[in-house]
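Asker: I have a structure I would like to understand better, so I am pasting it below and will then ask my questions one at a time.
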Amino acid sequence: MVGREHQVGEILALLRRPDMAAAFLVGPAGIGKSRLAAEVLARARKQGHRVASVSGTQTCAQVPFAAVARFLPERGNAPASRLELFRSAGAALAGPGSTGRTVVLVDDAHLLDEPSAALLHHLASTQRAFLIGTVRGGNRLGDALLALWRQDRAVWIEVPPLRDGEVDDLLQAALGGQVDLGAGHELHRLSAGNPLYLRELIRTGLESGRLRSADGVWRLHDGPAVTTSLEELLGDWLRGVDAEVRAAAEVVAFAEPMGMRTLRRIVPAEALERAATAGLVCLAEDGRRREVRLSHPLIGELLRAASPPLRAAKINERLVGALAGTGLRRRGDALRLGMWQLTAGIPDDPALLLAAAAEAEAVFDHHLTLRLARAARDAGAGAAALRLEATATAWLGRTAAAEPLFAELERLAAGEDERASAALLRAGNLWLGHGQARRALRVVSAAEAAVRTPDAMAMLAAVRAFLLCQTGHTAEGLAVCAEALPLATEPAAVAHVLPVRAFALADAGRTGEALAAIAAAENVAGTERFPYLADGMELAHATALEHAGRLTEAAELTAERYRRALDGHSDQARTAWACFRGRIALRTGLVASAIRWLREGIALHRTAITLSGPVGRLDAVGALAHAQVLAGDLTAARATLTSTGAIDRDADIQAASLELAHAWLLAADGDLRAAHDRLEATAERARRLGRLAVCLRALHDLARLGAPDRASEPLAGLAGRLDGLWPDLYLAHTIALRRRDPAGLEECSARFAAAGALLE
206 MVGREHQVGE ILALLRRPDM AAAFLVGPAG IGKSRLAAEV LARARKQGHR VASVSGTQTC
266 AQVPFAAVAR FLPERGNAPA SRLELFRSAG AALAGPGSTG RTVVLVDDAH LLDEPSAALL
326 HHLASTQRAF LIGTVRGGNR LGDALLALWR QDRAVWIEVP PLRDGEVDDL LQAALGGQVD
386 LGAGHELHRL SAGNPLYLRE LIRTGLESGR LRSADGVWRL HDGPAVTTSL EELLGDWLRG
446 VDAEVRAAAE VVAFAEPMGM RTLRRIVPAE ALERAATAGL VCLAEDGRRR EVRLSHPLIG
506 ELLRAASPPL RAAKINERLV GALAGTGLRR RGDALRLGMW QLTAGIPDDP ALLLAAAAEA
566 EAVFDHHLTL RLARAARDAG AGAAALRLEA TATAWLGRTA AAEPLFAELE RLAAGEDERA
626 SAALLRAGNL WLGHGQARRA LRVVSAAEAA VRTPDAMAML AAVRAFLLCQ TGHTAEGLAV
686 CAEALPLATE PAAVAHVLPV RAFALADAGR TGEALAAIAA AENVAGTERF PYLADGMELA
746 HATALEHAGR LTEAAELTAE RYRRALDGHS DQARTAWACF RGRIALRTGL VASAIRWLRE
806 GIALHRTAIT LSGPVGRLDA VGALAHAQVL AGDLTAARAT LTSTGAIDRD ADIQAASLEL
866 AHAWLLAADG DLRAAHDRLE ATAERARRLG RLAVCLRALH DLARLGAPDR ASEPLAGLAG
926 RLDGLWPDLY LAHTIALRRR DPAGLEECSA RFAAAGALLE
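Residues in the sequence shown are numbered consecutively from 206, following this note's numbering.
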């Protein structure tokens, strides 16, 4: 009864009221009306009520007493009159209730034959029965039962679609394990919250292998498969409509959403109106624009899957003609037109295909970007199309295939800015996709030797600083940022330097400067050529808030960015934000939530390339193992720490969370000496690399795990140099631990709780 407990309670409350005679559940097919009514019936039986059920059918709607036939007397005992038959059937149906009225489930009440409906009305009116009827939306209830509502003795209860979170709960129960929220989000969109459609989507996903588990998380790959069973369910939408109405719906399936005015150029208005009457299409408002959409997402899946290639090409050709004359005024028009031209097989326009590929990249649709960029390149769009093809290939996780494309892009670079941009992208692919930091740095160094313009130099310096910070060399990264920032004047160069500098400042414990830099960056224009920059700055912002001790703000920011990535279908961004949500949940003491988010992030890391890079995955693995230790599941923690995945450790990398997790596991196993030594070594190495926020945390963990004497002096040295909440609070806590000071510990506990750090 996921998402239905409120309605169950409402109906049971009505059952207790003698003035109420019926509750009618209304909603579309598959929404769960019958299942909800059956659950109420079962609970009524448990409460001591006698229960019965009848149902109406299309076939027997004209047959007298067909719905209650099993309650009629045997043939040899036929009553002498119709009235006696009525009374006999009523007595058999209602029977003697043990603690109250008989509860009668009336399925498809709108299809009841009139005598059966009259009998049920009589039983309900005389308080011998309480009716729970189901009515499919758009159908009229017969006069006999409708009279109960007119007498104010019945209520209509709309059975709503399941909400997003309810679909997640249902999926988890059905699959018996954690479900990636992206899969839940997509299945909710496709099913529109209809439980019957959701059930079929799950079944077909499992049968096709598109819904499968990895790293303990169920994920959806490649979208739904429209199988025979799903077609049979969806066929109800299309049965009985004529060819003109179906043709109108087909056009909408390939075009949606499309403005009414544009659509009417190729679809007769009368056909659209009849398609709307049949429930196939609907009108939505988008600002001042009226757009036509299909009434259910799965109708589009069915129509597109059933459309032969030549028919699909013809429809897309008509759509091209309709949109081409509008001037492409709206964002996304170039993308739609380019897509339709490809499907229609119309001669390629390189400029249009290039613009379409750029719009696809901006909305993180990497599959479509790749398809359009290849077509643009084949049409002669040159290096600009190659850049889009290479980056889309990399973001799709095909990093080995992307490497020669990036190398070719470097070779074709016409000027210094293009050379810097090509080297930036290639270095990102080598590090984010392959974990090859040193090779990436060599690519950057070679490009730096070949450029002289300040902005090109600043862009390359930003990449070098990014690589240094990613591998844990924060002090070096900050020094490079200090050299790069004065050189940057163009938006692309400035926008690449700023997030790296903000992250480095936060990692160095200079959180006040980091937050000031982020605030100042709000006035700096970015560039559409690099859509990932917005997430880069927000990741730096979240890091600065975490290290400043502003955990509530960090949690709000990460939740908002995760939701945006989910709505935008960007697995790259969602990977990073899922891991970050897990980190913040762990710091705020929400261990179960931390495990859930970190498992999702690690599962996404398997296929998604993200700005957090290979070290982001290692840190997520460490944070998950740490959470599992805190949850008391040491076996799971050990297994997690052995699943760090392949990473070419050709650079001096520090994954801080991984080091801390190893120490906590040692402590949980009873080897405190080894745990203390590991934390001390982690703190010292972080100090040398300039990661003073990491050093601070490792020293505090050293104190928490029983060695405050070893932690207090280095913490005192840091407290005067760093800002934010943690330095003074960690030092005060360590001193209270060393002195065994109850009052001091109580005060620190209150301060931690106020900050939301419930397990510190």
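Glycine is no exception: its CB is placed at the ideal position from the N, C-alpha and C atoms.
Quick one: measure Cβ to Cβ for I807 and R822, integer angstroms, because I've assumed they're closer than 8 Å.
Answerer: Start at 1 with the first residue of the sequence shown, and residue 807 comes out as number 602. Start at 1 with the first residue of the sequence shown, and residue 822 comes out as number 617. That belief holds up - the Cβ atoms of I807 and R822 are roughly 7 Å apart, short of 8 Å.
Asker: To the nearest whole angstrom, what separates the beta carbons of L816 and G741, a pair I think is in contact under 8 Å?
Answerer: Taking the first residue of the sequence shown as 1, we reach residue 816 at position 611. Taking the first residue of the sequence shown as 1, we reach residue 741 at position 536. 6 Å between Cβ atoms; contact.
Asker: Rounded to whole angstroms, what's the CA-CA distance from R479 to A581? Just pull it up for me.
Answerer: If you number the sequence shown from 1, residue 479 lands on position 274. If you number the sequence shown from 1, residue 581 lands on position 376. If you take the alpha carbons of R479 and A581, they lie about 39 Å apart.
Asker: Under 8 Å, do L942 and P919 count as touching if we go by C-beta distance?
Answerer: Counting from 1 along the sequence shown, the entry for residue 942 is found at position 737. Counting from 1 along the sequence shown, the entry for residue 919 is found at position 714. No, they are not a contact pair.
Asker: Relative to the C-alpha of L646, which residue among E889, I236, L665 is closest?
Answerer: Taking the first residue of the sequence shown as position 1, residue 646 is located at position 441. The option with the nearest alpha carbon to L646 is L665.
Asker: Using DSSP's beta-bridge definition, name the partner residues of V450.
Answerer: As a first step, residue 450 must be located in the sequence shown, where it is residue number 245. DSSP output for V450 lists no bridge partner at all.
Asker: If we count Cβ pairs, one from each stretch, closer than 8 Å, do we get three or more for the stretch 672 to 681 versus the stretch 690 to 700?
Answerer: No: fewer than three Cβ pairs fall under 8 Å.
Asker: By Cβ distance, which residues of its chain are closer than 6 Å to L839, with the 5 residues on each side in sequence left out?
Answerer: As a working note, residue 839 is residue 634 in the sequence shown. Around L839: A873.
Asker: Drop a sphere of 10 angstroms on the beta-carbon of L361, count the other beta-carbons inside from all chains shown, and report buried for 16 or more, exposed for fewer.
Answerer: Numbered from its first residue, the sequence shown carries residue 361 at position 156. For the record, residue 361 in the displayed sequence is Trp; it is not Leu. Classification of W361: exposed, given that the 10 Å Cβ count is below 16.
Asker: Could you spell out the range, first to last residue, of the alpha helix (DSSP H) harbouring R404?
Answerer: Position 199 of the sequence shown, counting from 1, holds the residue named residue 404. It spans 400 to 413 - the alpha helix (DSSP H) in which R404 sits, taken as one unbroken run.
Asker: For the putative contact between L791 and A836, defined by C-beta atoms under 8 Å, what is the C-beta separation to the nearest angstrom?
Answerer: In the sequence shown, counting from the first residue as 1, residue 791 sits at position 586. In the sequence shown, counting from the first residue as 1, residue 836 sits at position 631. In fact, because the Cβ distance is near 11 Å, the residues do not count as touching under 8 Å.
Asker: I'd like to know whether the C-beta atoms of V340 and Q383 end up nearer to each other than 8 Å.
Answerer: Residue mapping note: residue 340 aligns to position 135 of the sequence shown, counting from 1. Residue mapping note: residue 383 aligns to position 178 of the sequence shown, counting from 1. For V340 and Q383, no; Cβs fall outside 8 Å.
Asker: Pull up the distance between the alpha-carbon of A851 and that of L601, whole angstroms please.
Answerer: What you label residue 851 is simply residue 646 of the sequence shown in a count that begins at 1. What you label residue 601 is simply residue 396 of the sequence shown in a count that begins at 1. Only weak support exists for where A851 lies, its pLDDT of 49 falling under 50; the value from the coordinates is given anyway. Going by the C-alpha atoms only, they are around 18 Å apart.
Asker: Could you pull the DSSP bridge partners for G338 from this structure?
Answerer: Here residue 338 is taken as the residue at index 133 of the sequence shown, counted from 1. Paired residue(s): F229, V311.
Asker: Just checking my contact of T598 with A589 at CB under 8 Å: how many whole Å lie between their CB atoms?
Answerer: Looking up residue 598 in the sequence shown gives position 393. Looking up residue 589 in the sequence shown gives position 384. That belief does not hold up - the Cβ atoms of T598 and A589 are roughly 15 Å apart, past 8 Å.
Asker: Kindly give me the distance between the Cβ atoms of E405 and S434, rounded to whole angstroms, as I take these residues to be in contact under 8 Å.
Answerer: By 1-based counting over the sequence shown, the position of residue 405 is 200. By 1-based counting over the sequence shown, the position of residue 434 is 229. Right, their Cβ atoms sit about 6 Å apart.
Asker: Short check: CB of A485 to CB of I471, under 8 Å?
Answerer: As a position in the sequence shown, residue 485 is number 280, starting the count at 1. As a position in the sequence shown, residue 471 is number 266, starting the count at 1. Correcting the residue identity first, residue 485 is Leu in this sequence and not Ala. It is not a contact, given that the beta carbons lie outside the stated cut-off.
Asker: In whole angstroms, what separates the C-alpha of D583 from that of A517?
Answerer: As a working note, residue 583 is residue 378 in the sequence shown. As a working note, residue 517 is residue 312 in the sequence shown. Straight-line Cα distance between these residues: approximately 23 Å.
Asker: Tell me which same chain residues have a C-beta within less than 7 Å of the C-beta of G754, skipping the five on either side of it?
Answerer: If you number the sequence shown from 1, residue 754 lands on position 549. Same-chain partners within the cutoff: G929, L930, W931, A960.
Asker: Which partner residues does A489 have in the DSSP bridge list?
Answerer: The residue labelled residue 489 in the question sits at position 284 within the sequence shown. Looking at the DSSP assignment, A489 forms a beta bridge with E496.
Asker: DSSP puts W361 in a beta bridge; with which residues?
Answerer: For the purposes of this step, residue 361 is taken as residue 156 along the sequence shown, with counting starting at 1. As a beta-bridge residue in DSSP terms, W361 pairs with F229.
Asker: Tell me the residue span of the beta strand (DSSP E) that contains S418.
Answerer: What you label residue 418 is simply residue 213 of the sequence shown in a count that begins at 1. Unbroken beta strand (DSSP E) run through S418: 416 to 419.
Asker: Please tell me whether E449 and S512 are closer than 8 Å, where the distance is taken between their beta carbons.
Answerer: Along the sequence shown, read from residue 1 onward, the residue named residue 449 stands at position 244. Along the sequence shown, read from residue 1 onward, the residue named residue 512 stands at position 307. Contact flag unset, no.
Asker: Please confirm if the stretch 942 to 958 is in contact with the stretch 772 to 782, defined as three or more CB-CB distances below 8 Å between the two stretches.
Answerer: Using a C-beta cut-off of 8 Å, the stretch 942 to 958 makes no contact with the stretch 772 to 782, since fewer than three inter-stretch Cβ pairs fall below that distance.
Asker: Can you give, in chain order, each stretch of the beta strand (DSSP E) that sits fully within the stretch 206 to 250 and has at least 3 residues?
Answerer: 227 to 232
Asker: With I236 and V364 assumed to form a contact (beta carbons below 8 Å), what rounded beta-carbon distance in angstroms separates them?
Answerer: In the sequence shown, residue 236 corresponds to position 31, counting from 1. In the sequence shown, residue 364 corresponds to position 159, counting from 1. The beta-carbon distance between I236 and V364, rounded to whole angstroms, is 5 Å. This is short enough to meet the 8 Å contact definition.
Asker: Between the stretch 749 to 763 and the stretch 707 to 716, do at least 3 Cβ pairs fall closer than 8 Å?
Answerer: Taking a cut-off of 8 Å for Cβ pairs, the stretch 749 to 763 and the stretch 707 to 716 touch, as three or more such pairs fall below it.
Asker: Output yes or no for whether 8 Å exceeds the beta carbon distance between E594 and L610.
Answerer: Here residue 594 refers to the residue found at position 389 when the sequence shown is read from its first residue. Here residue 610 refers to the residue found at position 405 when the sequence shown is read from its first residue. Yes, they are a contact pair.
Asker: Mark T331 as exposed unless 16 or more other C-beta atoms lie within 10 angstroms of its C-beta, in which case mark it buried.
Answerer: Looking up residue 331 in the sequence shown gives position 126. T331 comes out exposed.
Asker: If you follow the alpha helix (DSSP H) that A753 is in, where does it begin and where does it stop?
Answerer: Within the sequence shown, residue 753 is the residue found at index 548, counting from 1. Run containing A753: 738 to 753, per the alpha helix (DSSP H) assignment.
Asker: Going by C-alpha to C-alpha distance, which of D570, A684, G428 sits closest to L507?
Answerer: Looking up residue 507 in the sequence shown gives position 302. When C-alpha distances from L507 are compared across D570, A684, G428, the shortest belongs to G428.
Asker: Should P400 be labelled buried (16 or more other beta-carbon atoms within 10 Å of its own) or exposed?
Answerer: Taking the first residue of the sequence shown as position 1, residue 400 is located at position 195. Counting Cβ neighbours within 10 Å, P400 comes out buried, since at least 16 surround it.
Asker: Sorted by chain position, which residues of the same chain lie with C-beta nearer than 6 Å to A334's C-beta, five sequence neighbours on each side aside?
Answerer: Taking the first residue of the sequence shown as 1, we reach residue 334 at position 129. Here the set comprises A299, R306, T307, V309, L328.
Asker: Could you check the C-alpha separation between D553 and M463 for me, to the nearest Å?
Answerer: In the sequence shown, the residue the question calls residue 553 occupies position 348. In the sequence shown, the residue the question calls residue 463 occupies position 258. If you take the alpha carbons of D553 and M463, they lie about 23 Å apart.
Asker: Based on Cα-Cα distance, which residue from L241, V311, L246 lies nearest to R271?
Answerer: If you number the sequence shown from 1, residue 271 lands on position 66. Checking the sequence shown, residue 271 turns out to be Ala, not Arg. Comparing Cα-Cα distances from A271 to each of L241, V311, L246, the minimum goes to V311.
Asker: Tell me whether the beta-carbon of Q833 lies closer than 8 Å to the beta-carbon of I800.
Answerer: What you label residue 833 is simply residue 628 of the sequence shown in a count that begins at 1. What you label residue 800 is simply residue 595 of the sequence shown in a count that begins at 1. Against a cut-off of 8 Å, the Cβ pair of I800 and Q833 comes out as a contact.
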